[in-house]
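These notes are about the structure you will find just below.
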Amino acid sequence: MSAADAFATTALTQLGRVVDEQRENIAAGGAMIAAALAAGGILHAYGTGHSRSVALELVARAGGFIPTNLLSIKDLVLWGGQAPESIRDPRLEREPGVAEAVLALHDVRAGDVMVIASNSGMNPAIVEMARLVRDRGVPVVAVGSLAHSRAVASRDTTGTTLFDNADVVVDTLTPHGDAVVALETGGYACGTSTLGGVLIAQLLVARAIEELDRRQVHVPVYRSMNTSGADTSNAEAEQSWAARLRPVEA
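With the sequence shown counted from 1, adding 818 to any position gets you this note's numbering.
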């Protein structure tokens, strides 16, 4: 079997398992999101490293909810006035205090909900964010790999992980180390954590929509900005929450 076929087979199997095995957790997370949105709250999303892709999947995209807000370490430069050089080290997520600085740039309050994505769930910028927002009364839906998290030690001073500080945990079922294709020269290539996380993100949206429909509550979703008239309709729909939403960079 080619490396491409091996990856496709493994990845598709993992995604199928996520749908089957994480159904209850996804339903719980979707219900939590729906409850916040139905009450006028905002869905915040946060991730570091490649897990930022999972958070980004929930925010300001076609088919996604309008009242969504992305938090990112990049915000320290975009909105916090720090020099670009200050965030170039990928190990910055290991530093205490980063999450607090990012959170200070956003209006996150009780009544909102936050999805935090992290494959390992071990770094302070992730663990700290979960603790801080829960202290504000904001529930956390965690998306990541329990297999990886259980195989490594937390870098947070509390010794806890993201998954210890979340209200709902949805497991991507990604193996320890992320990569899944064995190389003849040793080691592994081709990671699956982002694929699993993005699938979960969209399933959370779908579940939240189902719950909102059950409650007969309408929460607008974005149209693709590359369709006629979408810029105007999206901007109009954003008005109710505009003061609390940070625009996502191009």
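Ideal Cβ positions, reconstructed from N, Cα and C, are used throughout, including at glycine.
Check the Cα spacing between Arg973 and each of Asp985, Gly955, Ala960, Val945: the tightest is with Val945. Proximity of the region 896-904 to the region 989-1006 falls short of the contact definition, fewer than three beta-carbon pairs being nearer than 8 Å.
Taken in chain order, the whole alpha helix (DSSP H) runs of length 4 or more contained in the region 876-945 are 893-896, 916-921. The three-state reading of DSSP puts Leu861 in strand, counting E and B together.
In terms of Cβ geometry, Ala943 and Val916 form a close pair [threshold 9 Å].
Around the beta carbon of Ala1024, a 10 Å sphere encloses fewer than 16 other beta carbons of the protein chains shown; the residue is thus reported as exposed. Taking 4 residues as the minimum length, the region 999-1024 contains no alpha helix (DSSP H) run wholly inside it. Judged by beta-carbon spacing, His862 lies within the 9 Å limit of Leu888, meaning their Cβ atoms are closer than that value.
For Gly962, the uninterrupted beta strand (DSSP E) segment begins and ends at 958-962.
For Gln832, the number of other beta carbons within 10 angstroms of its own is at least 16, and it is reported as buried. Per DSSP, the continuous alpha helix (DSSP H) segment holding Asp838 begins and ends at 821-839.
Within its own chain, the residues whose Cβ lies closer than 7 Å to the Cβ of Leu980, once the five positions on either side in sequence are excluded, are Ile934, Ser936, Gly939, Ile944, Val945, Ala948, Ala960, Gly962, listed in chain order. Excluding sequence positions up to five before and after Ser967, its CB lies within less than 8 Å of the CB of Ser938, Gly939, Met940, Thr979, Leu980, Phe981, all in the same chain and listed in chain order.
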